[in-house]
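Each remark here refers to the structure printed beneath this line.
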Amino acid sequence: MNTPRFIFPGVITLVAAFAPVTQASINTAQIVASSFSPTCIQWRISGLCYWLFCSWHGCTVKTSVKVTHFLPQAVISTYHAPGGNPWSEMATLSPLSRLTAGGGNHNIQVAGQRSTHLRFKYADAIGHPATMMMGDSIPGYACKSAATPMMPYFLSTLDTLAWRSGMPESLYPEALIPGLRDLGRQLAGNMWGNIYPRSGFVTQADEDKASAVVAQRVADIITRTGQPHVYQPLTGQRRDGYWPPAPVTENTGTKNHKWQRLLPQLSQSCAVFPDGNPTAAADSNQAYALWQPYSCCKRRGQRFLSSTDI
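Residue numbers (mature numbering (1 follows the signal peptide of the UniProt record, and there is no 0)): -24 to -1, 1 to 286.
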């Protein structure tokens, strides 16, 4: 379920006014500084655009350079306890979980039985603070981001019913058919977990991999419209000379997204999951920057004709 854009800021104001700031591990300045990474941006000339330009003297076809690059879209945090968002300025959003039913036992075990490696995590997706600084900074050579800085696109505490129950997605084919929507592949020996149902529960022995699976689920939700969750879609509208990214889809390489690890160790490079065996955070709270590719070209006429890729 999509929520109107004006609801989230109102919720933030109320929560921030009455909630104490929790101890966190990264701040906005650090996140902004980390975004100036050439290996994550990957700016390149990708083709040409053709425009029909008409004046009193007649019509002519003009061209402009088509560029492609990645932009930081959102910061997705995963944490195991209420109030645990590791982004300090956004930590005031986490105490909203105290208004929801139940708490989060992040490593669930039935008394007298072996651990099932079933974990529960809260998650937030907030607009990346540097997305507008980088997008459209040089008209014609930098593309405008569809994201809004500091905008809450997903707060698991507002999506309590679906995030805790996994319904109705537990009945979807993606959840019932093994291998249909998995992060990684069994045959490659790097299967980290299932994308569906997109809830806070994940079965994974490794804490870092469990966090990555939850982050991937959140990205899967917010980059699509009409999902059975309480969230704000982070999607762009295609127009002449502007191509926003496709929805996040796992196991597709960097075709539609990649990740920059922010916590527990800040990385200056980006990768896609699975990305090896990084060390998990000691407090189980982790954060990632979601990057997605945009293509655009400068308008040179009244009508867009076509584009060619190189």
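Glycine residues also receive a C-beta, built at the ideal position from the N, C-alpha and C atoms.
Arg161 and Asn227 look like a contact to me (Cβ under 8 Å); what is the Cβ gap, rounded to whole Å?
7 Å
Could you check whether Ile7 and Pro62 sit closer than 8 Å to each other, using their CB atoms as the reference points?
no
Tell whether a beta-carbon distance below 8 Å holds between Lys38 and Gly277.
yes
Among Ser22, Thr124, Leu134, whose alpha-carbon lies nearest the alpha-carbon of Tyr98?
Leu134
Does the stretch 40 to 48 come into contact with the stretch 108 to 122, if we say contact requires no fewer than three beta-carbon pairs (one atom in each stretch) closer than 8 Å?
yes
Nearest neighbour of Ile171, chosen from His93, Ala151, Arg275 [CA to CA]
Ala151
For residue 332, which residues does DSSP report across the bridge?
Examination of residue 332 is not possible in this model, given that the chain is present from -24 through 286 alone.
Grouping DSSP H, G and I as helix and E and B as strand, with all else coil, what is Trp216?
For clarity, residue 216 is Asp in the given sequence; the question names Trp instead. Coil at Asp216, not helix or strand.
Helix, strand or coil: which one does DSSP assign to Ser141?
helix
When the distance is taken between beta carbons, is Pro220 closer than 8 Å to Gly212?
yes
Tell me the rounded alpha-carbon separation between Met126 and Trp267.
15 Å
Could you give the distance in angstroms between the alpha-carbon of Ser283 and the alpha-carbon of Tyr26?
6 Å
How is the alpha helix (DSSP H) around Ser10 delimited, first residue to last?
4 to 10
Start-to-end residues for the alpha helix (DSSP H) that takes in Leu152:
149 to 152
Which parts of the stretch 91 to 130 are runs of the beta strand (DSSP E), unbroken and 3 residues or longer, counting only runs that do not cross its ends?
94 to 96, 98 to 103
Please state if the CB of Gln208 and the CB of Pro144 are separated by a distance shorter than 8 Å.
no
On the criterion of 16 or more Cβ atoms from any shown chain inside 10 Å, does Trp168 qualify as buried, or is it exposed?
buried
Gln262 versus Leu163, Ile52, Ser31, residue with shortest Cα-Cα distance
Ile52
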